[in-house]
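Asks:
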Amino acid sequence: MKPLKRPVRRGLLVAHVAVSVSWLGLTVGLLALGITAFATGDPTTVGAATRAMKIFGDWLVVPVALLALVSGLVLALGTPWGLARHRWVWTKFWLTLITTGLSVFSLRPGIDAAAASKAVDINLVIAPSVATATYLFITAISILKPWGLTRRGRRLRFSASSAKSVDARSPRQTA
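Given below as structure tokens:
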């Protein structure tokens with residue numbers, strides 16, 4: 019993919035961070051509603067919490083998850099970070115892909131079942147808890163950028179430095 023121009027990259031980065039933070043906030047909201055519905059004995063509160071979770075699940079979870087995944091993928095492919103050059107980017111990609119899949123194929127059906135039966139089991143507390151922890155971990159590695167290069171990244175860096183050193187010794191001017 020062609021590198022993104024600076025204004026496009028910066029705009030996309032702002033959009034990606036905003037969507038990712040929204041996904042984290044949405045998950046914390048689902049966690050609060052799940053805990054409320056699970057811990058209360060009041061059927062009215064359970065019904066209200068599950069209906070609110072259903073609205074979040076039906077209208078927000080899938081678009082926000084997909085936007086986070088797609089914007090992150092475009093950023094990775096359109097910047098020098100690459101998708102498979104650095105372990106932290108590769109880890110973020112796979113965790114985002116897995117959590118997007120779980121949101122679509124596990125969390126939403128669980129919310130729909132709870133809203134239909136007006137009963138919540140522990141899974142609607144565990145799923146948002148694990149998702150929240152995962153998103154916080156993704157946020158941390160985005161900031162800290164640990165673990166260095168992947169094998170592919172080391173190979174690309176080595177081949178780039180080899181080409182530069184050969185060009186530097188060459189008496190002819192290179193591109």
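According to this note's numbering, the stretch in the sequence shown is residues 19 to 193, in order.
Every residue, glycine too, gets a C-beta built ideally from N, C-alpha and C.
Since the structure is predicted, the reported quantities are computational estimates derived from the model, not experimental observations.
Measuring alpha carbon to alpha carbon, tell me which of L120, V92, L78 and A134 ends up nearest T152.
Replies: Residue L120 is the option with its Cα nearest to T152.
Asks: Given this structure, state the Cα-to-Cα distance separating I159 from F111, to the nearest angstrom.
Replies: About 12 Å.
Asks: Would you give the residue range spanned by the alpha helix (DSSP H) that G52 belongs to?
Replies: Per DSSP, G52 belongs to the alpha helix (DSSP H) from R24 to A57.
Asks: Rounded to whole angstroms, what is the Cα-Cα separation between L22 and L42?
Replies: Rounded to the nearest angstrom, the two C-alpha atoms are 26 Å apart.
Asks: Taking DSSP's pairing of strands, which residues face L167 in a bridge?
Replies: L167 is bridged to H104.
Asks: Measure from the alpha carbon of L162 to the alpha carbon of each residue in V82, F123, T109 and S179, then state which is nearest.
Replies: It is T109 whose Cα lies nearest to the Cα of L162.
Asks: Apply the 10 Å Cβ neighbour rule to T118 and answer buried if 16 or more other Cβ atoms are within range, or exposed otherwise.
Replies: Buried.
Asks: Quick one: is A146 buried, meaning 16 or more other Cβ sit within 10 Å of its Cβ, or exposed?
Replies: Strictly speaking, residue 146 in this sequence is Pro, with Ala absent from that position. Label assigned to P146: buried.
Asks: Nearest to L125 by CA position, among L154, T45 and F176, is which residue?
Replies: L125 has its Cα closest to that of T45, out of L154, T45 and F176.
Asks: So, is L93 buried or exposed, given that buried needs 16 or more other C-beta atoms within 10 angstroms?
Replies: Buried is the call here.
Asks: Kindly confirm or deny that the segment 80 to 88 and the segment 166 to 176 touch, where touching means at least three C-beta pairs closer than 8 Å.
Replies: The segment 80 to 88 vs the segment 166 to 176: no contact.
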